[in-house]
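Order-wise, the sequence lines are chains A and B. Taken in order, the first sequence gives residues 618 to 1058; the numbers are from my numbering. Taken in order, the second sequence gives residues 4 to 268; the numbers are from my numbering. The C-beta atom is built at its ideal place from N, Cα and C for all residues, glycine as well.
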Amino acid sequence: MSDGEHRGPKGLGFDTLSLHAGQVPDPTTGARATPIYQSAAFVFPDSDVAVGLFNLERAGHVYSRLSNPTNAVLEERMAALDHGVGSIVTASGQAAIHLAITTLLSAGDHIVASRSLYGGTHNLFQYTLSRFGISTTFVDPRDFDAFAQAIQPNTKVIFGEVLGNPGLEVLDIPQLSKLAHDHGLPLMIDATFVTPYLCRPIDLGADIVVHSATKFLSGHGVVVGGVVVDGGTFDWRGKDQFPTLSQPYEGFHDLVFAEEFGPLAFITRARREGIRDFGACMAPMTAFQILQGLETLPLRMQRHVANALEVAKYLEGHDMVESVSYPGLESHPDYALAQTMLPKGAGAVFSFELKGGRAAGRTFIESLDIFSHLANVGDAKSLVIHPASTTHHRMDEASLLASGIGPGLVRLSIGLEDPVDLIADLKKGLRGVEKSLRKPS
Amino acid sequence: MILQLNGQQVYYGTGSGHWEKDAKSIVFVHGAGFDHSIWVMPARYFARHGYNVIALDLPGHGQSSGVLLTSIDAMADWVAQVIGAVADDANAQASVVGHSMGSLIAMNMAARHRAVVEQVALLGTSAPMPVTSLLLDAAKNNHHAAIDMTNTWSHSQRSIMGSSDNPGVSNIHAGERWLERAGKSVLYTDLAACNAFDAAELPPVGCPALVITGGDDKMTPAKAGIAVAQMLPNAHVENLRGCGHSMLTEQPNQVLDALSEFILS
Chain A
618 MSDGEHRGPK
628 GLGFDTLSLH
638 AGQVPDPTTG
648 ARATPIYQSA
658 AFVFPDSDVA
668 VGLFNLERAG
678 HVYSRLSNPT
688 NAVLEERMAA
698 LDHGVGSIVT
708 ASGQAAIHLA
718 ITTLLSAGDH
728 IVASRSLYGG
738 THNLFQYTLS
748 RFGISTTFVD
758 PRDFDAFAQA
768 IQPNTKVIFG
778 EVLGNPGLEV
788 LDIPQLSKLA
798 HDHGLPLMID
808 ATFVTPYLCR
818 PIDLGADIVV
828 HSATKFLSGH
838 GVVVGGVVVD
848 GGTFDWRGKD
858 QFPTLSQPYE
868 GFHDLVFAEE
878 FGPLAFITRA
888 RREGIRDFGA
898 CMAPMTAFQI
908 LQGLETLPLR
918 MQRHVANALE
928 VAKYLEGHDM
938 VESVSYPGLE
948 SHPDYALAQT
958 MLPKGAGAVF
968 SFELKGGRAA
978 GRTFIESLDI
988 FSHLANVGDA
998 KSLVIHPAST
1008 THHRMDEASL
1018 LASGIGPGLV
1028 RLSIGLEDPV
1038 DLIADLKKGL
1048 RGVEKSLRKP
1058 S
Chain B
4 MILQLNGQQV
14 YYGTGSGHWE
24 KDAKSIVFVH
34 GAGFDHSIWV
44 MPARYFARHG
54 YNVIALDLPG
64 HGQSSGVLLT
74 SIDAMADWVA
84 QVIGAVADDA
94 NAQASVVGHS
104 MGSLIAMNMA
114 ARHRAVVEQV
124 ALLGTSAPMP
134 VTSLLLDAAK
144 NNHHAAIDMT
154 NTWSHSQRSI
164 MGSSDNPGVS
174 NIHAGERWLE
184 RAGKSVLYTD
194 LAACNAFDAA
204 ELPPVGCPAL
214 VITGGDDKMT
224 PAKAGIAVAQ
234 MLPNAHVENL
244 RGCGHSMLTE
254 QPNQVLDALS
264 EFILS
């Protein structure tokens, strides 16, 4: 049953799900908003139910590290928005990637990853996971031969970001999914920059999706959180190379997750081992605050991408700008792919190269008033950063250039302000650069 | 667990339990297009309570090989044969629990294999179980529309909106994935078997029966389940308020409570 051309009844629309998925009015109090269940643990009505909850015979909550009713609303909403079978929210986006990776991989295993990644993810893969025996080969996200050649007998997952960081390469998820599946591997995608509103990687062939919920999902910049969404699409049954899912787990009385949980195998193992043992869970208050953001996600993303396109076009026409890397512009090498994969817009984060190099970058950032200079993206407010000296400062010059990061590269995260004001602010910054370059050295 | 029967592989889940020769047995039979893993919670519960659990993949489903069976009679005969083979005892008995198409198989076994079936639990049942030609045609052509129809109609409006009892799980998408896992023609063959089922041709059922209905079940409405119960001499009805046809994921705890009270008492 795989003919995708003829579809039946459609589910609820994205806007409706953003507001409602995972929650009905509280049956006890009638509360319309999602209540914050600020409770570490939950009472068992009797001993048999208690055992049943621990033994995965019953649905419900035991302890807020494993699950919490407020978090569960966010988890179910994210699963619904991303078309996944389930999700787990975590303490941060990094915790989400760690949870997803460690649910699948053990010491001796290998990742093939796009080399255009968020600096923190690059750090995790290159330096930290390698201390625990998990190695990574980084490849050009546009080079599918390189992905194929990097696959080893111990490779367990292919990883990439929908929009590369900070070069904004558009990852061809359908093609990479085919490559991964042809090699018997799952595809894991970080969709932080796009959110399910702009792109649902699972619909395009990805198996597992991770997000930093700190960014556009919440939109307000007041919390840190992450999400792992399981597409339920990868069949782990009988595949010896994925022993955490296909072999008996001693930590749970020899439970074989792929045999007992069907399409819910990965997310169940992640909850019953990764969140249980590593413990990087989300606070219920954080889940509540992210839910407030999710309610307006479609409206915000529309404004984010409209503003981003307007600002990108302005910068592209400016004399002080060497180049603009935004897949929403025809000048971007992945413009055509973006039109197919991201028809609602190519996100609101992009970078541009200033004339004048590193010094010009500094002058520009320090001349801005509306844009905030900080290490984050996806806030309702517009943000700016100089990757070479901040998010990617641990990378040497060669690695920086390989990731498309020049000395004058500036990354913008376009917010929801009036675009006229944003352009005026940028104009001021560019004027500052122009003046500084005219000064005799 | 894997068993070889008539040259074919039979897969069944045990709920992580171990076979005990003198223990009672319980058999779970899935619905159209599904496999044994839909029973994970009750399977684990009854295994912990000392039952020998046989949560089956029907032929051509999940990890059981073999040709798809095209009638409820044939499926019932096969399940009865498997029970004997697993127990290594031609006179073995079991409680048989079936959902949707599985409920027809359980009902059929209770009528035609009376010596095998101790008691029967029928979840989301209807007899007859007519299937609209729109769905049958889509399934016959292996169109995804058949999955969409089956999955959407199997969930209550509340479940489509969400608020799953199982933390973080989207039941509507999980249901879709379960059906997508089935091979080509599986859903059609199963639905056609349901559509052709005629309870009037069956001998009377004598064993105790539990019928679980869903108050918002659009596939097998509660009134159809009640009508089935009225055909049985010794049946109890448990109605799950607000529950759709996918009761094992929509209201797993209520299903388990009803089953445990019926089976263990």
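What's the call for residue i, buried or exposed, on a 16-neighbour Cβ count within 10 Å?
{"i": "Q233 of chain B", "result": "exposed"}
{"i": "Q906 of chain A", "result": "buried"}
{"i": "P211 of chain B", "result": "buried"}
{"i": "A5 of chain B", "result": "The sequence shown places Ile at residue 5 of chain B, not Ala. Its Cβ having fewer than 16 others within 10 Å, I5 of chain B is exposed."}
{"i": "Q254 of chain B", "result": "buried"}
{"i": "G1046 of chain A", "result": "buried"}
{"i": "H21 of chain B", "result": "exposed"}
{"i": "L137 of chain B", "result": "exposed"}
{"i": "K24 of chain B", "result": "exposed"}
Measuring only between beta-carbons, confirm whether residue i sits less than 9 Å from chain B.
{"i": "N993 of chain A", "result": "no"}
{"i": "F661 of chain A", "result": "no"}
{"i": "E877 of chain A", "result": "yes"}
{"i": "D852 of chain A", "result": "yes"}
{"i": "D871 of chain A", "result": "yes"}
{"i": "R694 of chain A", "result": "yes"}
{"i": "S704 of chain A", "result": "yes"}
{"i": "L629 of chain A", "result": "yes"}
{"i": "R888 of chain A", "result": "yes"}
{"i": "G1049 of chain A", "result": "no"}
{"i": "P880 of chain A", "result": "yes"}
{"i": "E867 of chain A", "result": "no"}
{"i": "P626 of chain A", "result": "yes"}
{"i": "L911 of chain A", "result": "no"}
{"i": "A638 of chain A", "result": "yes"}
{"i": "V690 of chain A", "result": "yes"}
Output needed for residue i: all residues of its chain with C-beta closer than 8 Å, excluding positions within five of it in sequence on either side, in chain order.
{"i": "P1036 of chain A", "result": "A923, N924, E927, V928"}
{"i": "L8 of chain B", "result": "Q84, V85, A88"}
{"i": "A225 of chain B", "result": "T216, G217, G218, N242"}
Any beta-carbon of chain A closer than 9 Å to the one on residue i?
{"i": "A148 of chain B", "result": "yes"}
{"i": "R180 of chain B", "result": "yes"}
{"i": "V172 of chain B", "result": "yes"}
{"i": "N144 of chain B", "result": "yes"}
{"i": "T216 of chain B", "result": "no"}
{"i": "H116 of chain B", "result": "no"}
{"i": "I41 of chain B", "result": "yes"}
{"i": "S268 of chain B", "result": "no"}
Helix, strand or coil: which one does DSSP assign to residue i?
{"i": "Q655 of chain A", "result": "coil"}
{"i": "I1031 of chain A", "result": "coil"}
{"i": "H116 of chain B", "result": "coil"}
{"i": "N242 of chain B", "result": "strand"}
{"i": "V938 of chain A", "result": "strand"}
{"i": "K1044 of chain A", "result": "helix"}
{"i": "Q711 of chain A", "result": "helix"}
{"i": "A797 of chain A", "result": "helix"}
{"i": "G55 of chain B", "result": "Checking the displayed sequence, the identity of residue 55 of chain B turns out to be Asn instead of Gly. Strand at N55 of chain B."}
{"i": "T772 of chain A", "result": "strand"}
{"i": "L213 of chain B", "result": "strand"}
{"i": "I987 of chain A", "result": "coil"}
{"i": "G621 of chain A", "result": "Reliability of the predicted coordinates at G621 of chain A is poor, the pLDDT of 49 falling under 50, and the value obtained from them is presented with this limitation in mind. The answer is coil: DSSP assigns G621 of chain A none of H, G, I, E or B."}
{"i": "H102 of chain B", "result": "strand"}
{"i": "V690 of chain A", "result": "helix"}
Leaving out five residues before and five after residue i in sequence, what residues of the same chain have Cβ atoms less than 7 Å from its Cβ?
{"i": "C572 of chain A", "result": "Absent from the model: residue 572 of chain A. The displayed extent of chain A is 618 to 1058, so no value can be given."}
{"i": "E121 of chain B", "result": "Q96, A97, S98, C210"}
{"i": "T651 of chain A", "result": "Q640, T687, V690, F905, L908"}
{"i": "G725 of chain A", "result": "G750, N771"}
{"i": "F869 of chain A", "result": "R889"}
In its own chain, which residues sit with a C-beta less than 6 Å from the C-beta of residue i, not counting the 5 before and 5 after it?
{"i": "L634 of chain A", "result": "A697, L698"}
{"i": "A797 of chain A", "result": "I775, L804"}
{"i": "A882 of chain A", "result": "W853, L862, F874, A875"}
Answer yes if the region 136-145 of chain B comes into contact with the region 105-113 of chain B, meaning at least three C-beta pairs across the two stretches below 8 Å, and no otherwise.
With the cut-off at 8 Å, the region 105-113 of chain B and the region 136-145 of chain B do not touch.
Could you tell me whether the region 788-808 of chain A touches the region 961-970 of chain A, using the rule of 3 or more Cβ pairs below 8 Å?
The answer is no - the region 961-970 of chain A does not touch the region 788-808 of chain A, with fewer than three Cβ pairs under 8 Å.
Do three or more CB pairs link the region 783-802 of chain A to the region 879-898 of chain A at distances below 8 Å?
No, they do not touch.
Could you say if the region 63-82 of chain B and the region 181-200 of chain B meet the contact criterion of at least three C-beta pairs nearer than 8 Å?
Short answer: they touch.
Counting pairs of beta carbons, one from the region 171-184 of chain B and one from the region 115-131 of chain B, are three or more of them closer than 8 Å?
Contact between the region 171-184 of chain B and the region 115-131 of chain B is absent, because fewer than three Cβ pairs lie under 8 Å.
Using a Cβ distance threshold of 8 Å, determine whether the region 223-237 of chain B contacts the region 646-660 of chain A, with at least three qualifying pairs required.
Contact fails between the region 223-237 of chain B and the region 646-660 of chain A, because fewer than three Cβ pairs, one in each stretch, are under 8 Å apart.
Counting pairs of Cβ atoms below 8 Å between the region 735-745 of chain A and the region 836-848 of chain A, do you hit three or more?
Under the 8 Å Cβ criterion, the region 735-745 of chain A does not count as touching the region 836-848 of chain A, having fewer than three qualifying pairs.
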